[in-house]
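Undergrad: So that we are looking at the same thing, I have put the structure below in structure tokens.
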Amino acid sequence: MRILVPGGAGYIGSHIVRELIDAGDLVVIIDNLETGHREAVHPKAKFYQGDIRNRDFVDRVLDQEKIEAVIHFAANSLVGESMVNPLKYYDNNLYGTKVLLESMVAHGVDKIVFSSTAATYGEPESIPILETDRTEPTNPYGETKLAMEKMMKWTGVAHGLRYVALRYFNACGAHESGELGEAHNPETHLIPLILQVPNGQRKAISIYGEDYHTKDGTCVRDYIHVTDLAQAHILAVKYLMEGGESNVFNLGNGVGFTVKEVIETARRVTGHPIPAEIAPRRGGDPARLIASSEKAQRVLGWKPEHGDLEEIIASAWKWHQAHPNGY
Ligand code: UDP
């Protein structure tokens with residue numbers, strides 16, 4: 001298949017591109033390299049550097065390449081940044097997706113899989129979270145991702161486009177080769193920040209709040225390996241190719257770990273004491289987020305295979321040790 005991957009130079013996008021190419025698909029990447037990395041672009045992918053907000057650019061790519069489906073990662077994804085700069089998120093995530101969809105409709109490309117997020121739910125009404133649960137985002141990042149889902153829904157009603165929205169829980173880990181991994185600047189995610197301590201780049205890890213109603217007082221999250229996420233995208237494209245209707249799926253392991261448990265596991269994996277200090281809560285952090293991914297397992301046939309937290313952290317550690325400053 002010929003697949004267009006906007007955002008294919010980013011953390012999650014680059015892992016999916018790798019799996020697609022390993023499976024024999026032809027991949028065309030577009031990325032503005034604002035947060036993506038040229039080094040993460042697969043050498044066998046065709047690469048166009050540019051911005052999805054530029055209609056002429058997207059049209060040129062779709063004129064030149066015969067695309068069957070799109071897997072869309074091109075978005076900003078930092079909760080904290082979205083709180084201080086919401087309009088950046090409305091511009092890149094929403095306006096960018098609007099331009100991409102316009103060009104897809106004009107070119108008769110009618111299938112799209114895209115990264116959504118557990119942040120679409122906001123404070124969960126129950127655990128584990130089901131796709132049918134209330135969606136009330138507590139930050140502009142989640143709000144724009146939810147609006148992207150709705151934009152695709154209504155574009156589908158009007159123009160026959162079909163979409164799969166994949167609501168990721170906490171994406172983490174790195175490719176088994178050690179060649180691809182997480183490289184955000186600034187880094188805000190828990191596991192890469194923890195690993196900066198044994199890497200000598202940080203003296204201690206801060207724990208954001210110890211007074212939540214959880215078993216040890218720290219927040220619980222569902223950590224899902226990026227390689228498992230990659231498999232779900234491949235299955236979602238297959239589902240659409242086989243005529244599946246537009247749909248939304250949670251992607252998580254269905255198991256929650258506290259911040260303290262993650263730090264303890266990282267101590268075991270790295271053999272480093274990793275000092276931790278208690279810091280104030282971070283605004284907008286729900287106490288517990290755990291996915292039910294029963295629907296993805298039943299409808300897509302997805303089965304996460306790298307759910308063991310030690311394995312997840314070991315893969316991330318392999319990447320960060322070899323690439324302490326990213327790519
Ligand atoms: N967290 C923390 N210290 C850090 C970074 C994150 O205690 O330096 C906590 C954060 O409050 C949340 C969990 O770790 O409960 C996961 O945060 P992350 O930013 O990795 O992902 P999110 O859950 O926001 O998508």
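So the sequence shown is residues 1 to 327, counted in the numbering used here. Where a beta carbon is used, it is the ideal one built from N, C-alpha and C, also for glycine.
1) Look at the alpha carbon of A174 and the alpha carbon of H15, and state the distance between them as a whole number of angstroms.
2) Using 8 Å for Cβ pairs, my map puts P137 next to I290. What's the rounded Cβ distance?
3) Taking I30 and G10 to be in contact with their CB atoms under 8 Å, please state how far apart those CB atoms are, rounded to whole angstroms.
4) With a 10 Å radius around its C-beta and 16 neighbouring C-beta atoms as the bar for buried, classify R18 as buried or exposed.
5) With E187 as the anchor, note down where its beta strand (DSSP E) starts and where it stops.
6) What first and last residue would you give for the alpha helix (DSSP H) that runs through T265?
7) Would you check whether the ligand UDP has a heavy atom nearer than 7 Å to the C-beta of D222?
8) Would you please state the rounded distance, in angstroms, between the beta carbons of L161 and T155? I believe it to be under 8 Å.
9) Answer with buried or exposed for A236, where buried requires no fewer than 16 other C-beta atoms within 10 angstroms of its C-beta.
10) Out of curiosity, what's the CA-to-CA distance linking E176 and S315?
11) State yes or no: is the C-beta of V41 within less than 8 Å of the C-beta of V5?
12) Short of 8 Å in beta carbon distance, which residues of its chain neighbour Y239, apart from the five on each side in sequence? Order them along the chain.
13) On a Cα-Cα basis, can you pick out the residue from I205, I71, F169 and V79 that is closest to E143?
14) Give me the Cα-Cα distance between D59 and N76, rounded to the nearest whole angstrom.
15) Assuming V197 contacts I191 under a Cβ cut-off of 8 Å, what Cβ separation, rounded to an integer in Å, is found between them?
16) CB-CB under 6 Å to R202, same chain, minus the five flanking residues each way: which ones, in chain order?
17) Consult DSSP for G80 and reduce its assignment to one of helix, strand or coil.
18) Apart from the five residues just before and just after L94, which ones in its own chain have a Cβ nearer than 6 Å to its Cβ?
19) From the DSSP output, in three-state form, read off E182 for me.
20) Since R167 sits in a beta bridge, which residues does DSSP pair it with?
21) Are H320 and G181 touching if we call contact CB-CB under 8 Å?
22) Between I3 and D22, how many whole angstroms is the CB-CB distance? I'm expecting something under 8 Å.
23) Go ahead and label L87 buried or exposed: buried means 16 or more other beta carbons lie within 10 angstroms of its beta carbon, across all protein chains shown.
24) Name the DSSP bridge partner or partners of D31?
25) Between D216 and the ligand UDP, is there a pair consisting of the residue's CB and a ligand heavy atom that are separated by less than 7 Å?
26) Roughly how many whole angstroms lie between the Cα atoms of F249 and E131?
27) What does the Cβ neighbour count give for P186, buried or exposed, with the cut at 16 atoms within 10 Å?
TA: With the given structure in hand:
1) Distance between the alpha carbons of A174 and H15: 8 Å.
2) About 18 Å separates the two Cβ atoms, so there is no contact after all.
3) About 12 Å; that fails the 8 Å criterion.
4) By the neighbour-count rule (16 or more Cβ atoms within 10 Å), R18 is buried.
5) Careful: E187 lies outside any beta strand (DSSP E) and carries neither H nor E.
6) Counted as a single uninterrupted DSSP element, the alpha helix (DSSP H) harbouring T265 occupies residues V259 to T270.
7) Remark: the shortest separation between the CB of D222 and any heavy atom of the ligand UDP does not fall under 7 Å.
8) Your pair L161 and T155 checks out as a contact, with CB atoms roughly 5 Å apart and the cut at 8 Å.
9) Burial check for A236: the Cβ neighbour count within 10 Å reaches 16 or more, so the residue is buried.
10) Put simply, the backbone Cα of E176 is about 6 Å away from that of S315.
11) It is not a contact, given that the beta carbons lie outside the stated cut-off.
12) Excluding residues within five positions, the ones whose Cβ falls inside 8 Å are V164, N247, V299 and L300.
13) Residue V79 is the option with its Cα nearest to E143.
14) Taking the straight line joining both Cα atoms gives about 22 Å.
15) Not really, about 11 Å apart at Cβ, beyond 8 Å.
16) Hits under 6 Å: Q196.
17) Collapsing the DSSP output to three states places G80 in a helix.
18) These residues qualify, in order along the chain: T144 and A147.
19) Note: E182 maps to coil in three-state DSSP.
20) S116 and N250.
21) G181 sits close to H320, with the two beta carbons spaced by under 8 Å.
22) The Cβ separation is near 13 Å, so there is no contact.
23) Exposed.
24) Note: D31 sits in a beta bridge opposite Q49.
25) Not so, every heavy atom of the ligand UDP lies at least 7 Å from the Cβ.
26) Cα to Cα, F249 sits roughly 6 Å from E131.
27) It counts as exposed.
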